[in-house]
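Worksheet: one structure, shown below.
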Ligand SMILES: [Zn+2]
């Protein structure tokens with residue numbers, strides 16, 4: 022068994038918290054630092070299903086990508102979903118840790134993993150973090166060794182993420198050479214993608230007007246889904262925790278799922 026503090030320190034090495042965006046809420050969000058932990062669940066989001074799973078399987082810590090709580094709250098009651106989930110977690114003595122945008126931006130974080138998975142070279146952050154000595158930062162961009170057709174890049178990404186469809190914006194018959202990446206809802210990185218002369222940007226999701234802006238800027242988009250763009254990294258994180266802390270029971274949530282489906 023390890024203390025919550027020891028596990029938090031390891032997570033802070035994987036995803037240094039100074040990489041988090043200023044608006045974010047990261048680190049240990051629920052829990053007592055010296056509590057001994059024997060079982061950890063990772064998940065993308067603490068939904069009611071994920072919390073129920075953590076309770077049923079007696080997780081003592083949940084390492085969740087999306088922070089709970091995220092925005093400041095002034096009451097924890099059963100009148101809100103956030104309040105109900107926090108009450109359930111606290112009543113079952115389940116701690117919560119989130120790295121969120123620090124993990125998006127880390128050296129082996131989500132955007133880096135996506136970039137490497139597509140075979141990009143000379144991978145760099147789209148927006149370097151001015152507090153990071155190693156030049157890490159938000160998003161990634163890089164170059165393919167050989168230009169490929171846009172639909173070929175889409176096929177590679179689908180295969181990589183284990184999904185069978187995604188949305189696209191822009192010109193279908195286009196060759197892709199320089200690719201920008203922003204997991205989750207990272208449409209705000211579009212301008213940086215244009216500024217680095219990327220012809221294509223991969224996002225989890227974005228809104229209608231950002232799609233139109235991408236066309237205006239001449240950047241093709243692939244929208245692979247918020248869930249698919251990040252969930253794989255929580256499976257990776259569960260493996261890293263299991264390797265680092267022998268004796269710790271670690272699993273990635275089996276109950277959370279993409280809320281979107283096709284009808
Ligand atoms: Zn996300």
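Residue numbers (the working numbering): 22 to 284.
Glycine included, each C-beta is placed from N, C-alpha and C at the ideal position.
Within 8 angstroms, strictly: CB atoms of residue i and residue j
i: residue 202; j: residue 160; result: yes
i: residue 41; j: residue 121; result: yes
i: residue 268; j: residue 22; result: yes
i: residue 126; j: residue 270; result: no
i: residue 51; j: residue 139; result: no
i: residue 124; j: residue 182; result: no
i: residue 221; j: residue 243; result: yes
i: residue 105; j: residue 99; result: yes
i: residue 197; j: residue 174; result: yes
i: residue 76; j: residue 109; result: yes
i: residue 169; j: residue 193; result: no
i: residue 219; j: residue 250; result: no
Residues bridged to residue i [DSSP beta-bridge criterion]
i: residue 49; result: 118
i: residue 201; result: 162 and 222
i: residue 228; result: Paired residues: none, contrary to the question.
i: residue 272; result: 62
i: residue 145; result: 162
i: residue 103; result: Paired residue(s): none; residue 103 is not in a bridge.
i: residue 188; result: 244
i: residue 57; result: 24
i: residue 83; result: 62 and 117
i: residue 170; result: 196
Rounded distance between the beta-carbons of residue j and residue i, thought under 8 angstroms
i: residue 103; j: residue 89; result: 7 angstroms
i: residue 135; j: residue 165; result: Not really, about 13 angstroms apart at Cβ, beyond 8 angstroms.
Spatial neighbours of residue i in its chain, beta-carbon cut-off 8 angstroms, leaving aside the 5 residues before and after
i: residue 236; result: 190 and 191
i: residue 281; result: 246 and 248
i: residue 29; result: 48, 49, 54 and 118
i: residue 137; result: 144
From the options, residue whose alpha carbon lies closest to that of residue i
i: residue 215; options: 193, 260 and 163; result: 163
i: residue 128; options: 117, 108, 277 and 156; result: 156
i: residue 289; options: 282, 280 and 158; result: An answer regarding residue 289 cannot be provided, because it is not within the stretch 22 to 284 covered by the chain.
i: residue 54; options: 180, 118, 150 and 165; result: 118
i: residue 107; options: 78, 69 and 137; result: 69
i: residue 147; options: 223, 233, 234 and 111; result: 223
i: residue 208; options: 101, 186, 37 and 234; result: 234
i: residue 240; options: 73, 95, 195 and 263; result: 195
i: residue 87; options: 167, 238 and 45; result: 45
i: residue 210; options: 184, 238 and 188; result: 238
i: residue 283; options: 149, 229, 232 and 188; result: 188
Chain-order list of residues whose beta-carbon lies under 7 angstroms from that of residue i (same chain, five-residue window excluded)
i: residue 256; result: 273
i: residue 261; result: 35
i: residue 226; result: 206, 244, 246 and 247
i: residue 80; result: 60, 61, 62 and 115
i: residue 71; result: 64, 274, 276 and 277
i: residue 259; result: 63, 271, 272 and 273
i: residue 31; result: 265
i: residue 97; result: 104, 107 and 108
i: residue 263; result: 269 and 271
i: residue 153; result: 39 and 40
Contacts around residue i, its chain only, beta-carbon distance under 6 angstroms, and the 5 residues preceding and following it disregarded
i: residue 279; result: 248
i: residue 38; result: 47, 48 and 123
i: residue 184; result: 249
i: residue 113; result: 76
i: residue 232; result: 190
Contact test: residue i Cβ vs ligand 2 heavy atom, cutoff 7 angstroms
i: residue 251; result: Summarising the ligand content, the structure contains ligand 1 and does not contain ligand 2.
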